[in-house]
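Below you'll find the structure, written out as structure tokens, and then a few comments.
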Amino acid sequence: MRLVLLGAPGAGKGTLASSLKNKFGLTHISTGDILREEIKNNTPLGQEAKKYIESGGLVPDDVVTKLIEHKFLNDKQTELGYMLDGFPRTKQQAEDLDKILVNIKLPIEQAIYMEATLPVIIVRLIGRRVCRDCGELFHIKNKPSIKEGVCDICEGELYQRSDDNEETIKTRLDVYVKNVTPIISFYEAQNKLIKLNADNDSAKLQENLIRILNEDKKLD
Ligand code: ADP
Ligand code: ZN
Numbered sequence: 039m040r041l042v043l044l045g046a047p048g049a050g051k052g053t054l055a056s057s058l059k060n061k062f063g064l065t066h067i068s069t070g071d072i073l074r075e076e077i078k079n080n081t082p083l084g085q086e087a088k089k090y091i092e093s094g095g096l097v098p099d100d101v102v103t104k105l106i107e108h109k110f111l112n113d114k115q116t117e118l119g120y121m122l123d124g125f126p127r128t129k130q131q132a133e134d135l136d137k138i139l140v141n142i143k144l145p146i147e148q149a150i151y152m153e154a155t156l157p158v159i160i161v162r163l164i165g166r167r168v169c170r171d172c173g174e175l176f177h178i179k180n181k182p183s184i185k186e187g188v189c190d191i192c193e194g195e196l197y198q199r200s201d202d203n204e205e206t207i208k209t210r211l212d213v214y215v216k217n218v219t220p221i222i223s224f225y226e227a228q229n230k231l232i233k234l235n236a237d238n239d240s241a242k243l244q245e246n247l248i249r250i251l252n253e254d255k256k257l258d
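In my numbering, each residue carries its 1-based index in the sequence shown increased by 38.
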């Protein structure tokens with residue numbers, strides 16, 4: 039399976055990706071995760087990306103597109119199937135991505151559009167906690183860790199992302215709304231779009247997606 043996950047911050051792309059990854063052995067590629075790793079390691083790219091991320095704006099298209107190209111050219115696991123999460127975020131990124139993937143003969147098969155309503159999104163983002171070591175996602179109400187502040191998987195420390203505050207969330211959502219329509223049209227025109235109600239909890243969402251992929255005989 040070669041998928042892109044589309045949806046607002048808080049729609050549940052990362053959570054869905056992390057469960058599909060284990061079920062189907064797909065490579066999960068999150069530009070947000072790659073950029074946060076660069077920031078953590080204080081690389082020149084990380085220093086550049088930090089200011090955009092902390093303000094809730096987008097990192098320039100050419101920077102993120104190069105990161106993605108690099109990932110596909112260097113990680114052979116992607117040949118077995120992948121899920122892109124948080125990329126593309128602009129029409130330009132979608133077009134450049136298509137060129138890269140067609141070139142390496144790993145074109146996208148489906149674009150999963152996860153539609154969630156604003157109140158659900160806000161609650162998810164404000165309560166989100168992330169493991170500093172393995173990146174596992176938790177939520178203070180919807181998916182609390184067994185021990186408060188400690189990752190169930192690796193015992194790493196859980197933290198709240200600096201861009202998960204009310205003001206930056208508002209900017210991120212504005213940026214999302216401004217860019218999403220042409221991306222949706224782009225995949226609709228290629229007959230690749232699958233829409234999911236992302237107000238559903240993660241188990242239901244996953245069940246619905248697997249049912250749709252099965253009906254379309256996309257899962258063998
Ligand atoms: P979320 O989907 O919750 O907003 P991400 O981890 O996907 O979180 O992204 C966090 C931030 O990283 C974005 O607000 C943006 O600044 C930057 N970023 C991630 N992916 C992209 C992208 N494809 N293009 C530009 N900026 C990106
Ligand atoms: Zn962890």
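The beta-carbon is built from N, C-alpha and C at its ideal position, and this holds for glycine as well.
As the structure is a computational prediction, the values presented were derived from the model and not from experiment.
Exercise. For G187, which residues from the same chain have a beta carbon less than 6 angstroms from its beta carbon, with the 5 sequence-adjacent residues on both sides left out?
Worked result: For the purposes of this step, residue 187 is taken as the residue at position 149 of the sequence shown. The answer, listed in chain order, is L196.
Problem set entry | Reduced DSSP secondary structure (H/G/I, E/B, other) of T155 | Numbered from 1 along the sequence shown, position 117 holds the residue referred to as residue 155. Here T155 sits in coil by DSSP.
Exercise. Any heavy atom of the ligand ADP closer than 6 angstroms to the Cβ of R210?
Worked result: Start at 1 with the first residue of the sequence shown, and residue 210 comes out as number 172. Within the cutoff, so yes.
Exercise. Going by the C-beta, is E253 closer than 6 angstroms to any heavy atom of the ligand ZN?
Worked result: Position 215 of the sequence shown, counted from the first residue, corresponds to residue 253. Shortest gap from the CB of E253 to any heavy atom of the ligand ZN: 6 angstroms or more.
For this session: Kindly provide the chain-ordered list of residues whose Cβ lies closer than 6 angstroms to any non-hydrogen atom of the ligand ZN.
Result: If you measure from each CB to the nearest heavy atom of the ligand ZN, the residues under 6 angstroms come out as C169, D171, C172, E174, C189, I191, C192, G194.
For this session: Return the CA-CA distance between R249 and D237, expressed in angstroms with no decimal places.
Result: Locating residue 249 in the sequence shown gives position 211, where the first residue counts as 1. Locating residue 237 in the sequence shown gives position 199, where the first residue counts as 1. Distance between the alpha carbons of R249 and D237 is about 17 angstroms.
Exercise. So which of V158, V213, D212 has the shortest CA-CA distance to D239?
Worked result: Against the sequence shown, residue 239 aligns to sequence position 201. Out of V158, V213, D212, the CA that lies nearest to the CA of D239 is found in V158.
Problem set entry | the ligand ADP heavy atom lying under 6 angstroms from the CB of R162 | As a first step, residue 162 is located in the sequence shown; it is residue number 124 there, counting from the start. Flag unset: Cβ of R162 not near the ligand ADP.
Exercise. Considering only the beta carbon of each residue, do Q244 and S57 sit closer than 7 angstroms?
Worked result: For the purposes of this step, residue 244 is taken as residue 206 along the sequence shown, with counting starting at 1. For the purposes of this step, residue 57 is taken as residue 19 along the sequence shown, with counting starting at 1. Yes; because the gap between Cβ atoms is below 7 angstroms, this pair is in contact.
Exercise. Taking just the CA atoms, how far does P182 sit from N141?
Worked result: The sequence position of residue 141 within the sequence shown is 103, counting from 1. The sequence position of residue 182 within the sequence shown is 144, counting from 1. Roughly 42 angstroms separates the two Cα atoms.
Exercise. Beta strand (DSSP E) containing N235: first to last residue?
Worked result: Indexing the sequence shown from 1 puts residue 235 at position 197. Counting along the chain, the beta strand (DSSP E) containing N235 begins and ends at 231-235.
Exercise. Considering T209, what are the terminal residues of the alpha helix (DSSP H) in which it resides?
Worked result: Position 171 of the sequence shown, counted from the start, is the residue given in the question as residue 209. First-last of the alpha helix (DSSP H) with T209: 204-227.
Problem set entry | heavy atom of the ligand ADP below 6 angstroms from P47 C-beta | Translated into the one-based positions of the sequence shown, residue 47 becomes position 9. P47: yes, Cβ under 6 angstroms from the ligand ADP.
Problem set entry | Distance between E174 and K185 (C-alpha atoms, nearest Å) | Here residue 185 corresponds to residue number 147 of the sequence shown, with the count starting at 1. Here residue 174 corresponds to residue number 136 of the sequence shown, with the count starting at 1. Looking at the backbone, the Cα of K185 and that of E174 are separated by about 14 angstroms.
Problem set entry | Closer than 6 angstroms: T69 CB and nearest the ligand ADP heavy atom | Working through the sequence shown from its first residue, we reach residue 69 at position 31. Indeed, a heavy atom of the ligand ADP lies less than 6 angstroms from the Cβ.
For this session: Tell me where the alpha helix (DSSP H) around V168 begins and ends.
Result: Counted from its first residue, the sequence shown places residue 168 at position 130. Per DSSP, V168 lies in no alpha helix (DSSP H); the unbroken beta strand (DSSP E) holding it starts and ends at 166-169.
For this session: Examine the ligand ADP and report whether any of its heavy atoms sits within less than 6 angstroms of the Cβ of Y120.
Result: Against the sequence shown, residue 120 aligns to sequence position 82. Not so, every heavy atom of the ligand ADP lies at least 6 angstroms from the Cβ.
Exercise. Which of the three DSSP states, helix, strand or coil, is assigned to G45?
Worked result: Numbered from its first residue, the sequence shown carries residue 45 at position 7. Strand at G45.
Problem set entry | Strand pairing of M39, partner residues [DSSP] | Here residue 39 is taken as the residue at index 1 of the sequence shown, counted from 1. BP columns for M39 are empty, so no partner.
Problem set entry | For T65, three-class secondary structure by DSSP | Counting from one through the sequence shown, the residue named residue 65 turns up at place 27. If DSSP states are grouped into helix, strand and coil, T65 belongs with the strands.
Exercise. For K185, which of helix, strand or coil comes out of DSSP?
Worked result: Taking the first residue of the sequence shown as 1, we reach residue 185 at position 147. K185: coil per DSSP, three-state reduction.
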